[in-house]
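K.L.:
So the sequence shown is residues -42 to -1, 1 to 393, counted in mature numbering (1 follows the signal peptide of the UniProt record, and there is no 0).
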Amino acid sequence: MKHRGRHRRRRRGRALRAALAGAALALTGAATMISASQATVADDPGALKPLTSAAETGALRLTEHPVPGAWLDRLSSAMGEPVGVDAVLGSADRTLRDAADCTAEEREALPLSPAATRAYCWDDGDTAGWRPGAVTTSGDAEEDGRRAAHRVVLSAWSRDDGTPGGGLARVSFVDADDPDHLSYTSALLAVPVDGGQDYRGLDSPVSGMVWYQDKLLVTTGAGDRDALYVYDMDRVQRATTRANAVGRVPGGWAAGGHRYVLPAVASYRLSATHGAARPGAISLDRTTVPASLVASERVPADGDRPTRLWRYAFSPDPARSGLPAADSAGHVDALEAYETGAAEVGGVLSYRPPGAQRPDWYLGRAAGGQDGRGTLWRQDAKGARATECGADRSQRCWSGPVGSLSYWARTGEVWSQSGRMLFALPLTSIEDALH
């Protein structure tokens, strides 16, 4: 039986690689058909410009606002003992399809160059009406890449019914132990209210997400006065009804039809400074000491100012595990910051190669709003370079719409999400495409 299972996995792996290679070939061929206006050089963002003045860095300051412990205790007392990641994964009841089983239309969301080496598409019925958002992994959370002995991918989704307070955000917990069979279930993101006697849904899309140690940090949209919310991965609560309502309901607790709910344990408010920067895309950089949270803002293609990139240090204090370093007043200040000429940044990554003095910055950029195919740039203080594809060396090679970037150090893979596709590829292949 073991030999037959091994042969099936090998055949499955060959089919998946053939599907990805075929999709990349077809998409690369399509790239040569792009109009000259798109296929020629995309807007070069140039070199990074350091921001050093107090006024410039002050606009990046965040202020921490913890949810009172009594609120969280009151909520867990009413809802029952919280559970952790292992319990959530143990109830995963939905399956991601391998790229070989995805439609050609779904696979069009994959990058042209470099090509994904692993790709999956989501359950149609479960994701209908939901928009994909950011991705992070247990490779961010722990140095060995495992949480509760599992390899895990977290994927954010949002939904808005068009009414005030009608938005919802959730995180799908993907069990990635077996690369040939990814299963998942989802938890609603919530915010405690009324002294912990109830909670509301996080009424905001999640464009950035980082799982570090036992905390999950997510960015919020422009309508929320808090720029970041923090969730404790050991404080997942079980809903007691699958009703579509959110919060306390007659006879129990509802999470918009989901089995689990994550109540926020803290938030970070924007600086009161004029022109305060709202983090959009975020990711983890383990190549700094201590590890750091890197961020970018989203400036539209027709915007009249540069985009800012910056980083915050994570606290080395065990009592503040997974939280940014803050002073006694709860202020979190940027360690370093830059301006870039890149607009429509939907994904950011910072990584310092072994032996290098400074990290490189990787920026995933949407093409003129949300239409067309995106670009992927590597940028530093000397200049910028984009991945290229097709006979005409087009720079429109990345996924579109552009999603967040997450680097899994133990495997050397970069994870992202575009459309209905979740995918991974080696960072070395990005470097090869840049050269």
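Even glycine gets a Cβ: it sits at the ideal position worked out from N, Cα and C.
Let me know if residue 408 comes out buried or exposed under the rule of 16 or more other beta-carbons within 10 Å of its beta-carbon.
P.N.:
In the structure as shown, the chain starts at -42 and stops at 393, and residue 408 therefore has no counterpart that could be examined.
K.L.:
Can you give the Cα-Cα distance for Ala58 and Leu186, rounded to whole angstroms?
P.N.:
Within the sequence shown, the letter at position 100 stands for residue 58. Within the sequence shown, the letter at position 228 stands for residue 186. Looking at the two C-alpha atoms, the distance is approximately 37 Å.
K.L.:
Can we say the region 242 to 262 touches the region 310 to 324, given the rule of at least three CB pairs closer than 8 Å?
P.N.:
Yes: at least three Cβ pairs fall under 8 Å.
K.L.:
For Val223 versus Arg193, is the C-beta spacing smaller than 8 Å?
P.N.:
Residue numbering aside, residue 223 sits at position 265 when the sequence shown is read from its first letter. Residue numbering aside, residue 193 sits at position 235 when the sequence shown is read from its first letter. The answer is yes: Cβ separation under 8 Å.
K.L.:
Give the straight-line distance between the Cα atoms of Asp138 and Tyr320, rounded to the nearest whole angstrom.
P.N.:
Walking along the sequence shown from the start, residue 138 turns up at place 180. Walking along the sequence shown from the start, residue 320 turns up at place 362. If I take the Cα positions, the gap works out to 29 Å.
K.L.:
In three-state terms, what does DSSP make of Trp29?
P.N.:
Start at 1 with the first residue of the sequence shown, and residue 29 comes out as number 71. Looking at Trp29 - three-state DSSP - the assignment turns out to be helix.
K.L.:
By DSSP, does Val46 sit in helix, in strand, or in coil?
P.N.:
Residue 46 sits at position 88 when you count from the first residue of the sequence shown. Val46 falls in the helix class under three-state DSSP.
K.L.:
Could you name the residues of the same chain whose beta carbon sits closer than 6 Å to that of Asp84, not counting the 5 residues immediately before and after it, in chain order?
P.N.:
Position 126 of the sequence shown, counted from the start, is the residue given in the question as residue 84. Result list for Asp84: Arg52, in chain order.
K.L.:
Unbroken beta strand (DSSP E) runs of length 3 or more, entirely within the region 277 to 331: which are they?
P.N.:
Counting whole runs of 3 or more residues, the region 277 to 331 contains the beta strand (DSSP E) stretches 294 to 298, 303 to 309, 318 to 323.
K.L.:
Taking the alpha-carbon positions, what's the Pro282 to Arg206 distance?
P.N.:
Taking the first residue of the sequence shown as 1, we reach residue 282 at position 324. Taking the first residue of the sequence shown as 1, we reach residue 206 at position 248. Going from the Cα of Pro282 to the Cα of Arg206 covers about 32 Å.
K.L.:
Which two residues bound the contiguous alpha helix (DSSP H) that contains Leu392?
P.N.:
As a position in the sequence shown, residue 392 is number 434, starting the count at 1. Segment 385 to 392, the alpha helix (DSSP H) holding Leu392.
K.L.:
Do Ala145 and Pro46 have their beta-carbon atoms positioned less than 8 Å apart in this structure?
P.N.:
Along the sequence shown, read from residue 1 onward, the residue named residue 46 stands at position 88. Along the sequence shown, read from residue 1 onward, the residue named residue 145 stands at position 187. Position check: residue 46 holds Val in this sequence, whereas Pro was assumed. Against a cut-off of 8 Å, the Cβ pair of Ala145 and Val46 comes out as a contact.
K.L.:
Are the CB atoms of Ala106 and Val43 within a distance shorter than 8 Å?
P.N.:
Sequence index remark: in the sequence shown, residue 43 carries index 85 (1-based). Sequence index remark: in the sequence shown, residue 106 carries index 148 (1-based). Yes; because the gap between Cβ atoms is below 8 Å, this pair is in contact.
K.L.:
Evaluate the contact criterion for the region 261 to 271 versus the region 297 to 306: three or more CB pairs, one atom per stretch, below 8 Å.
P.N.:
Yes, they touch.
K.L.:
Alpha carbon to alpha carbon, how far is Ser357 from Pro69? Give it in angstroms, no decimals.
P.N.:
Within the sequence shown, numbered from 1, the residue matching residue 69 stands at position 111. Within the sequence shown, numbered from 1, the residue matching residue 357 stands at position 399. Cα to Cα, the separation comes out at about 4 Å.
K.L.:
Could you work out which residue in Arg343, Pro317, Pro72 is closest to Ser250 when comparing CA atoms only?
P.N.:
Taking the first residue of the sequence shown as 1, we reach residue 250 at position 292. Per the Cα distances, Pro317.
K.L.:
Please return the same chain residues whose Cβ sits closer than 6 Å to the Cβ of Arg378, not counting the five positions on each side in sequence.
P.N.:
Position 420 of the sequence shown, counted from the start, is the residue given in the question as residue 378. Contacts found: Glu64, Cys79, Trp80.
K.L.:
Does the Cβ of Ala(-12) have 16 or more other Cβ atoms within 10 Å, making it buried, or fewer, making it exposed?
P.N.:
On the sequence shown, position 31 is the one that residue -12 refers to. Because the pLDDT at Ala(-12) is just 44, under 50, the model does not fix this residue reliably, and the value given afterwards should be weighed accordingly. Per the 10 Å Cβ criterion, buried.
K.L.:
Could you please give the first and the last residue of the uninterrupted beta strand (DSSP E) stretch that includes Ala271?
P.N.:
As a working note, residue 271 is residue 313 in the sequence shown. Per DSSP, Ala271 belongs to the beta strand (DSSP E) from 265 to 271.
K.L.:
Taking Cβ positions, are Trp169 and Met37 nearer each other than 8 Å?
P.N.:
In the sequence shown, counting from the first residue as 1, residue 169 sits at position 211. In the sequence shown, counting from the first residue as 1, residue 37 sits at position 79. No, the pair does not count as a contact, with Cβ atoms beyond the cut-off.
K.L.:
Are Trp140 and Val129 closer than 8 Å when you measure CB to CB?
P.N.:
In the sequence shown, residue 140 corresponds to position 182, counting from 1. In the sequence shown, residue 129 corresponds to position 171, counting from 1. The amino acid occupying residue 140 in the given sequence is Leu; Trp does not appear at that position. Not in contact: Leu140 and Val129 (Cβ atoms no closer than 8 Å).
K.L.:
Can you tell me the Cα-Cα spacing of Ala344 and Leu334, whole angstroms?
P.N.:
As a first step, residue 344 must be located in the sequence shown, where it is residue number 386. As a first step, residue 334 must be located in the sequence shown, where it is residue number 376. Approximately 6 Å between the Cα atoms of the pair.
K.L.:
Have a look at Gly97, Ser162, Gln155 and flag the residue whose alpha-carbon is nearest the alpha-carbon of Asp119.
P.N.:
By 1-based counting over the sequence shown, the position of residue 119 is 161. The option with the nearest alpha carbon to Asp119 is Ser162.
K.L.:
Does Trp373 pass the burial test, meaning 16 or more other C-beta atoms within 10 Å, or should it be called exposed?
P.N.:
Counting from 1 along the sequence shown, the entry for residue 373 is found at position 415. By the 10 Å Cβ count, Trp373 comes out buried.
K.L.:
Using the DSSP secondary-structure output, state which residues sit across from Trp356 in a beta bridge.
P.N.:
Here residue 356 is taken as the residue at index 398 of the sequence shown, counted from 1. Per DSSP, Gly332.
K.L.:
Residue 410 by DSSP, collapsed to three states: which one?
P.N.:
This structure cannot settle anything about residue 410, because the visible part of the chain is limited to -42 through 393.
K.L.:
Look at the Cβ atom of Thr218, then the Cβ atom of Arg196, and state whether they are nearer than 8 Å.
P.N.:
Indexing the sequence shown from 1 puts residue 218 at position 260. Indexing the sequence shown from 1 puts residue 196 at position 238. Going by the sequence as given, residue 218 is Tyr instead of Thr. The answer is yes: Cβ separation under 8 Å.
K.L.:
Are Pro72 and Ala382 closer than 8 Å when you measure CB to CB?
P.N.:
Against the sequence shown, residue 72 aligns to sequence position 114. Against the sequence shown, residue 382 aligns to sequence position 424. No, they are not a contact pair.
K.L.:
Check Ala106 in the structure and name its three-state DSSP category.
P.N.:
Walking along the sequence shown from the start, residue 106 turns up at place 148. Of the three classes helix, strand and coil, the one that applies to Ala106 here is coil, per DSSP.
K.L.:
Along the chain, where does the beta strand (DSSP E) containing Asp190 start, and where does it finish?
P.N.:
In the sequence shown, the residue the question calls residue 190 occupies position 232. Residues 184 to 190.
K.L.:
Go ahead and label Val247 buried or exposed: buried means 16 or more other beta carbons lie within 10 angstroms of its beta carbon, across all protein chains shown.
P.N.:
Counting from 1 along the sequence shown, the entry for residue 247 is found at position 289. Under this definition Val247 is an exposed residue.
K.L.:
Would you mind working out which of Leu112, His108, Arg104 sits nearest Val93, comparing C-alpha positions?
P.N.:
Indexing the sequence shown from 1 puts residue 93 at position 135. With distances taken between Cα atoms, Val93 lies closest to Leu112.
K.L.:
So Gly83 is in the alpha helix (DSSP H); what residue range does that whole segment cover?
P.N.:
For the purposes of this step, residue 83 is identified with residue 125 of the sequence shown, where counting begins at 1. Start and end: 82 to 85.
K.L.:
According to DSSP, is Ser34 helix, strand or coil?
P.N.:
Stepping through the sequence shown from its first residue, residue 34 is reached at position 76. Helix at Ser34.
K.L.:
Taking the alpha carbon of Gln315 as the point to measure from, which residue in Gly322, Gly299, Asp338, Arg323 has its own alpha carbon closest?
P.N.:
Here residue 315 refers to the residue found at position 357 of the sequence shown. It is Asp338 whose Cα lies nearest to the Cα of Gln315.
K.L.:
Nearest-angstrom Cα distance between Val188 and Asp260?
P.N.:
What you label residue 188 is simply residue 230 of the sequence shown in a count that begins at 1. What you label residue 260 is simply residue 302 of the sequence shown in a count that begins at 1. So the two alpha carbons sit approximately 32 Å from each other.
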